[in-house]
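Remarks on the structure that follows.
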Amino acid sequence: MRESKGTVAITGGGGYVGSVLVPDLLDAGYRVKVLDLFLYGDKIFDRYSSEDGLVCIKGDVRDPSALDDVFFGTDAVIHLACISNDPSFELNPALGKSINLDAFGLILDALERSSVRRFIYASSSSVYGLRGELDVTEKSPTTPLTDYSRFKLECEYKLQEWNNSTGVIWTIVRPATVCGYARRLRLDLTVNILTIHALENQKIKIFGGKQLRPNIHINDMSRVYRLLLDADKESLRRQVFNAGYQNDTVENIAMKVKTVIGDEKIELEYVPSADTRSYHVNSEKIKCQLGFEAQCTIEDAIRGLTDAYRQGLIQDGLENPLYHNIKRMQELVLQ
Ligand SMILES: NC(=O)c1ccc[n+]([C@@H]2O[C@H](COP(=O)([O-])OP(=O)(O)OC[C@H]3O[C@@H](n4cnc5c(N)ncnc54)[C@H](O)[C@@H]3O)[C@@H](O)[C@H]2O)c1
């Protein structure tokens, strides 16, 4: 039996972020339990087994007995499970609320019944909404614009108000938009969408273009969670951390896509847009307090996606429901 750094349970670990984080944690010496409905496929961790320290449980975060099973004997929990974008949420708001908000209370109750000592909650930088200032810090006001973002924030409030009798140390992460290739891939996120359009159509439609968007490479996102598991508990207690790296305009990202792919034929088409949402996330706190330094750029993400595409690892990138949460949710009709 190999030596372990402890057991981490990840809800929603079968998703985009989890598909990189879970193998990284196993490599780092953790035992990992994943609780997921595996909405986007259940073959992601095929090459791992319980011998490697991985247990996958197909179950729902709305089911208290599934939560008890996965939290039993667990040291830390990372809560990623979610209907994780606006269109998928709006497809069925009652379903979205039951998973993104109501289940959160069940998770806190299950934590109280468990041996878990550390809880990390994946919120979102979208809780800030539309902000005029250039640098949005953790102290900036929050004005979420959609129900998805509003419920992310309401879960944060639930944590702040949690009358936690067991001494669980909790931390909130507000990630920027994640980019780059992963085994379970999302192609409905800014950098990834622009890249797949350039590769499939040799054309990128830029809606507006001047809006600033914060980004973080998926490998760095995984490093953030690993850092939070390793950090001493006092630096994490009741903390909120932005987690982003390069803030860039949509137009600049499109130009980077064209440059990295290196195909002169890629056309940039500008489309007027009423969507002026623009924000710039400051991630100095996580750097100063926990020493987090991003290592991968937007260009690295585009390069990774392009390499994967050229190796045939991305099939039917524009239409495949497994890469587009809204298409998959339409197909599944989950209750
Ligand atoms: N990807 C980003 O750009 C980004 C940015 C900010 C915040 N986040 C947050 O990070 C987390 C992970 O994001 P992601 O991109 O990996 O999302 P994802 O949609 O790829 O993964 C979510 C996972 O949750 C699972 N799930 C959904 N409902 C469930 C339920 N009821 N019970 C159990 N499992 C369930 C899905 O099967 C999926 O595997 C989410 O909470 C998301 O809101 C992501």
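Reading the sequence shown from the start, the letters are residues 1059 to 1393 in the numbering used here. No residue lacks a Cβ here, since even glycine has one placed at the ideal position from N, Cα and C.
- In this structure, DSSP gives PHE1265 an extended state, which the three-state scheme calls strand.
- Membership of GLN1297 in any alpha helix (DSSP H) is not indicated; the residue belongs instead to the beta strand (DSSP E) covering 1297-1301.
- ILE1227 and PHE1177 have their C-alpha atoms spaced approximately 6 Å apart.
- The beta carbon of LEU1138 sits closer than 7 Å to those of ILE1068, THR1069, GLY1070, GLY1071, GLY1073, VAL1075, GLY1076, ALA1180, all from its chain and outside the five residues before and after it, given in chain order.
- Rounded to whole angstroms, the Cβ separation of LEU1270 and ASP1306 is 7 Å, and the two are in contact under 8 Å.
- Contact check for PHE1162 against LYS1216 passes: the beta carbons are separated by less than 8 Å.
- Around the beta carbon of ARG1296, fewer than 16 other beta carbons sit within 10 angstroms, so the residue counts as exposed.
- The three-state reading of DSSP puts VAL1174 in coil, since its state is none of H, G, I, E or B.
- In the DSSP assignment, the residues bridged to THR1065 are ARG1089.
- According to DSSP, residue pairing for TRP1228 in a beta bridge involves PHE1177.
- TYR1328 is bridged by DSSP to ILE1264.
- Across the structure, PHE1147 and PRO1272 are spaced so that their CA atoms are roughly 21 Å apart.
- It is roughly 32 Å from the alpha-carbon of CYS1354 to the alpha-carbon of ILE1157.
- Restricting attention to VAL1249, ILE1274, ALA1168, VAL1185, the CA atom closest to the CA of SER1223 is found in ALA1168.
- With a beta-carbon spacing of about 5 Å, SER1280 and VAL1078 fall inside the 8 Å limit used to define contacts.
- For a cut-off of 8 Å, the C-beta gap from ILE1254 to GLY1375 is around 4 Å, short enough to register as a contact.
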